[in-house]
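Protein chains: 2
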Amino acid sequence: MPTPERTSLDEIVSAAARLLETGGVAAVTMQAVAQDVGVKAPSLYKRVRDRETLLGLVGGAAADDLTARLEAASGIEDQLLVFRRFAHERPEAFRLLFTATVDADKLAATSAPVLRATSATVGADHALDAARLLTAWATGFVTMELAGAFRLGGDLDDAYDYGIAHLVGSLVSD
Amino acid sequence: MPTPERTSLDEIVSAAARLLETGGVAAVTMQAVAQDVGVKAPSLYKRVRDRETLLGLVGGAAADDLTARLEAASGIEDQLLVFRRFAHERPEAFRLLFTATVDADKLAATSAPVLRATSATVGADHALDAARLLTAWATGFVTMELAGAFRLGGDLDDAYDYGIAHLVGSLVSD
DNA sequence: ACCTGAACACCGTTCAAGT
DNA sequence: ACCTGAACACCGTTCAAGT
């Protein structure tokens, strides 16, 4: 006798993402996720191989979210601001992007809108180098910021603006 | 009747660091650390509050290691190469730097040698901005590299060299 | 076909008891 | 003063048994 499905993979990933942002990665327990979707822990294994791949799926969904935001931004400067805003809104998900085993294609897709923007201002030949320069800088800035590595005073908003102006300026003058 | 100490905090942190690089953060178990230093797990709590602070201490030691290497480097370009080499040699420790709760001072001390180098080439006024620009970029580049986020081809060694040349060049022309 | 209870191996951590 | 065995609560994961 078939039993109706009581949850779905999407529901599970969403619940995990919610738990992640609420209590950090340690809070996304198979038991907590199961409870949130109204099921017992063993049932999760019908839809997900194990906890590690579940975290990878959460990271993948976060990458999709970030990519969509970057696509909606207009211009390089705006993209860089959107990037940092994402990290502030969803710091745990942001960390997961580089911590969990996220689908490499989803992670790479994040760079596509940036690549388009740099291509427009620096030419196709240097678009990849420029995009890597910008995304690496923004990723590092936010990573260090979230880790509390910037201790030497000064407003971080200003520091970020300074970096944007400097980097974009250095690209144009090539 | 007093019992002689059978281990030390240093030994514990070293064992944890070794386990970390061998099997990732999941492998640094209180039991595994205890076994490596010749003691039972409960004894570790005489020297360390809990696992989280132990990981923080490992991160702090890694920060010291990195700082020493950066101090020994000569010039900005060399520092940036040393930075990436460190991340390749000790990828798990590198991740821990921004993942565990590392002593903020030790983390900040990492920037001191970079700050000295930028001060020499860009002047004291812009030394902090320049140092942040460089460390943020290098951190992000390596983080993305380790996460496999650079999928769009091209040699990463060359890409790193390109970034160094571009960034240092942009600083000098200020 | 999906779900669950029970079980297993393995964690981190506490604490009374040993020496 | 340090160390340990035993215990506790809590994990991830498997699987036979239910419906």
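Those sequence lines, one after another, are chains A and B.
Quick note: the first sequence, position 150, residue 150 per the numbering used here, numbers continuous.
Quick note: the second sequence, position 146, residue 1146 per the numbering used here, numbers continuous.
Each residue gets a CB set at the ideal place from its N, CA and C atoms; glycine is no exception.
- Query: Does the segment 1129-1139 of chain B come within contact of the segment 1160-1169 of chain B, defined as at least 3 CB pairs closer than 8 Å?
  - Reply: Result yes; three or more Cβ-Cβ pairs closer than 8 Å.
- Query: Between the segment 1057-1068 of chain B and the segment 1096-1103 of chain B, do at least 3 Cβ pairs fall closer than 8 Å?
  - Reply: Yes: at least three Cβ pairs fall under 8 Å.
- Task: Reducing DSSP to helix, strand and coil, say where A:Arg116 ends up.
- Result: Translated into the one-based positions of the first sequence, residue 116 of chain A becomes position 116. In the structure shown, A:Arg116 adopts helical secondary structure according to DSSP, grouped into three states.
- Looking only at C-alpha atoms, which of A:Arg151, A:Ile12 and A:Ile76 sits nearest to B:Asp1129? For the purposes of this step, residue 1129 of chain B is identified with residue 129 of the second sequence, where counting begins at 1. Nearest of A:Arg151, A:Ile12 and A:Ile76 to B:Asp1129, Cα basis: A:Arg151.
- Task: Give me the Cα-Cα distance between A:Arg85 and A:Gly23, rounded to the nearest whole angstrom.
- Result: In the first sequence, residue 85 of chain A corresponds to position 85, counting from 1. In the first sequence, residue 23 of chain A corresponds to position 23, counting from 1. If I take the Cα positions, the gap works out to 20 Å.
- Could you have a look at A:Gly38 and say whether DSSP puts it in helix, strand or coil? Within the first sequence, residue 38 of chain A is the residue found at index 38, counting from 1. Three-state result, A:Gly38: coil.
- Could you tell me whether any Cβ in chain A is nearer than 8 Å to the Cβ of B:His1166? Taking the first residue of the second sequence as 1, we reach residue 1166 of chain B at position 166. For B:His1166, the nearest CB of chain A lies under 8 Å from its own CB, placing it at the interface with that chain.
- Item | Span separating the alpha-carbon of A:Glu77 from that of A:Leu70 | If you number the first sequence from 1, residue 77 of chain A lands on position 77. If you number the first sequence from 1, residue 70 of chain A lands on position 70. Near 11 Å, if we compare the C-alpha coordinates of A:Leu70 and A:Glu77.
- Task: With a threshold of 16 other CB atoms inside 10 Å of the CB of B:Thr1118, please say whether the residue is buried or exposed.
- Result: One-based indexing of the second sequence puts residue 1118 of chain B at position 118. Under this definition B:Thr1118 is a buried residue.
- Message: I'd like to know if A:Leu107 contacts chain B, where contact means its C-beta is closer than 8 Å to some C-beta of that chain.
- Response: On the first sequence, residue 107 of chain A is found 107 positions in, with the first residue counted as 1. Under the Cβ distance rule, A:Leu107 counts among the residues neighbouring chain B, one pair being separated by less than 8 Å.
- Quick one: list the residues of chain A neighbouring B:Ala1027, beta-carbon separation under 9 Å, in chain order. Taking the first residue of the second sequence as position 1, residue 1027 of chain B is located at position 27. For a Cβ distance threshold of 9 Å, nothing in chain A lies close to B:Ala1027: the least Cβ distance comes to about 14 Å.
- Query: If you compare alpha carbons, which of B:Asp1155, B:Val1142, B:Val1013 and B:Leu1107 is closest to B:Asp1050?
  - Reply: Within the second sequence, numbered from 1, the residue matching residue 1050 of chain B stands at position 50. If we check each option's Cα against that of B:Asp1050, B:Val1013 comes out closest.
- Query: Along the segment 10-36 of chain A, what residues have a CB closer than 8 Å to any CB found in chain B?
  - Reply: Residues passing the 8 Å Cβ filter: none.
- Query: Going along the segment 129-140 of chain A in order, which residues come within less than 8 Å of chain B, judged by CB to CB distance?
  - Reply: Contact annotation: in the segment 129-140 of chain A, residues whose CB is within less than 8 Å of a CB in chain B are Asp129, Arg132, Leu133, Thr135, Ala136, Trp137, Ala138, Thr139 and Gly140.
- Taking the C-alpha atoms as reference points, what is the distance between B:Phe1083 and B:Val1122? What you label residue 1083 of chain B is simply residue 83 of the second sequence in a count that begins at 1. What you label residue 1122 of chain B is simply residue 122 of the second sequence in a count that begins at 1. Roughly 20 Å separates the two Cα atoms.
- Smallest Cα separation from A:Asp155: which of B:Asp1103, B:Ala1087, B:Arg1132 and B:Tyr1160? Taking the first residue of the first sequence as position 1, residue 155 of chain A is located at position 155. Each of B:Asp1103, B:Ala1087, B:Arg1132 and B:Tyr1160 was checked against the Cα of A:Asp155, and the nearest Cα belongs to B:Arg1132.
- Who are the Cβ neighbours of A:Val114 in its own chain at under 8 Å, not counting the five residues just before and after it? If you number the first sequence from 1, residue 114 of chain A lands on position 114. The beta carbon of A:Val114 sits closer than 8 Å to those of Leu70, Ile76, Gln79, Ala131, Leu134 and Thr135, all from its chain and outside the five residues before and after it, given in chain order.
- Item | Residue ranges of each alpha helix (DSSP H) within the segment 81-143 of chain A, 4 or longer | Counting whole runs of 4 or more residues, the segment 81-143 of chain A contains the alpha helix (DSSP H) stretches 91-99, 104-109 and 111-122.
- Could you tell me whether the Cβ of A:Tyr45 comes closer than 8 Å to any Cβ of chain B? Along the first sequence, read from residue 1 onward, the residue named residue 45 of chain A stands at position 45. Not one beta carbon of chain B lies nearer than 8 Å to the beta carbon of A:Tyr45.
- Query: How is A:Ala73 classed by DSSP in three states: helix, strand or coil?
  - Reply: Translated into positions along the first sequence, residue 73 of chain A becomes position 73. A:Ala73 falls in the coil class under three-state DSSP.
- Kindly indicate the opening and closing residues of the alpha helix (DSSP H) around A:Glu21. Counting from 1 along the first sequence, the entry for residue 21 of chain A is found at position 21. For A:Glu21, the enclosing alpha helix (DSSP H) starts and ends at Leu9 to Gly23.
- Message: Output needed for A:Ala34: all residues of its chain with C-beta closer than 7 Å, excluding positions within five of it in sequence on either side, in chain order.
- Response: Within the first sequence, residue 34 of chain A is the residue found at index 34, counting from 1. Non-local C-beta neighbours of A:Ala34 in its own chain, meaning closer than 7 Å and more than five positions away in sequence, comprise Lys40, Ala41, Ser43 and Leu44, ordered along the chain.
- Task: Could you tell me if B:Gly961 is buried or exposed, where buried requires 16 or more neighbouring beta carbons within 10 angstroms of its beta carbon?
- Result: With chain B running from 1001 to 1174 in the structure shown, residue 961 of chain B is simply not present.
- Message: So if I threshold CB-CB distances at 9 Å, which residues from the segment 1139-1159 of chain B count as touching chain A?
- Response: Answer set for the segment 1139-1159 of chain B: Thr1139, Gly1140, Phe1141, Val1142, Thr1143, Met1144, Glu1145, Leu1146, Ala1147, Gly1148, Ala1149, Phe1150, Arg1151, Leu1152, Gly1153, Gly1154 and Ala1159.
- Item | Alpha carbon of A:Val142 to alpha carbon of A:Leu107, nearest angstrom | The count along the first sequence starts at 1 and reaches residue 142 of chain A at position 142. The count along the first sequence starts at 1 and reaches residue 107 of chain A at position 107. Rounded to whole angstroms, the separation of the alpha carbons of A:Leu107 and A:Val142 is 17 Å.
- Message: With H, G and I counted as helix, E and B as strand and the rest as coil, what does DSSP make of A:Ser173?
- Response: Sequence index remark: in the first sequence, residue 173 of chain A carries index 173 (1-based). Note: A:Ser173 maps to coil in three-state DSSP.
- Query: How many Å lie between A:Ser74 and B:Val1025 at the Cα?
  - Reply: On the first sequence, residue 74 of chain A is found 74 positions in, with the first residue counted as 1. On the second sequence, residue 1025 of chain B is found 25 positions in, with the first residue counted as 1. Each residue's Cα considered, the two are about 39 Å apart.
- Query: By how many angstroms is the C-alpha of B:Arg1116 removed from the C-alpha of A:Leu54?
  - Reply: On the first sequence, residue 54 of chain A is found 54 positions in, with the first residue counted as 1. On the second sequence, residue 1116 of chain B is found 116 positions in, with the first residue counted as 1. Those two C-alpha atoms are separated by around 44 Å.
- Query: What's the gap between the Cα of B:Ala1061 and the Cα of A:Pro91?
  - Reply: By one-based count along the second sequence, residue 1061 of chain B stands at place 61. By one-based count along the first sequence, residue 91 of chain A stands at place 91. Using only the alpha carbons, I get a separation of about 25 Å.
- Query: Which residues of chain A have a Cβ atom closer than 8 Å to the Cβ of B:Thr1099, listed in chain order?
  - Reply: The residue labelled residue 1099 of chain B in the question sits at position 99 within the second sequence. Chain A residues near B:Thr1099: Arg95, Thr99 and Ala147.
- Go ahead and label B:Val1052 buried or exposed: buried means 16 or more other beta carbons lie within 10 angstroms of its beta carbon, across all protein chains shown. Residue numbering aside, residue 1052 of chain B sits at position 52 when the second sequence is read from its first letter. In the sequence under discussion, the amino acid at residue 1052 of chain B is Glu, which differs from the Val named in the question. Answer is exposed; the Cβ neighbour count stays below 16.
- Message: Residues of chain B with CB closer than 7 Å to the CB of A:Ala104, please, in chain order.
- Response: By one-based count along the first sequence, residue 104 of chain A stands at place 104. Taking a Cβ-Cβ threshold of 7 Å, the residues of chain B close to A:Ala104 are Gly1148 and Arg1151, in chain order.
- How many Å lie between B:Ala1159 and A:His126 at the Cα? Within the second sequence, numbered from 1, the residue matching residue 1159 of chain B stands at position 159. Within the first sequence, numbered from 1, the residue matching residue 126 of chain A stands at position 126. Distance between the alpha carbons of B:Ala1159 and A:His126: 11 Å.
- Supposed close pair B:Ala1093, B:Ala1017 - CB separation, criterion 8 Å: In the second sequence, the residue the question calls residue 1093 of chain B occupies position 93. In the second sequence, the residue the question calls residue 1017 of chain B occupies position 17. Confirmed, Cβ separation roughly 7 Å.
- Interface partners of B:Ala1119 on chain A, CB under 9 Å: On the second sequence, position 119 is the one that residue 1119 of chain B refers to. The displayed chain sequence assigns Ser, not Ala, to residue 1119 of chain B. None at all; the shortest Cβ gap to chain A is about 12 Å.
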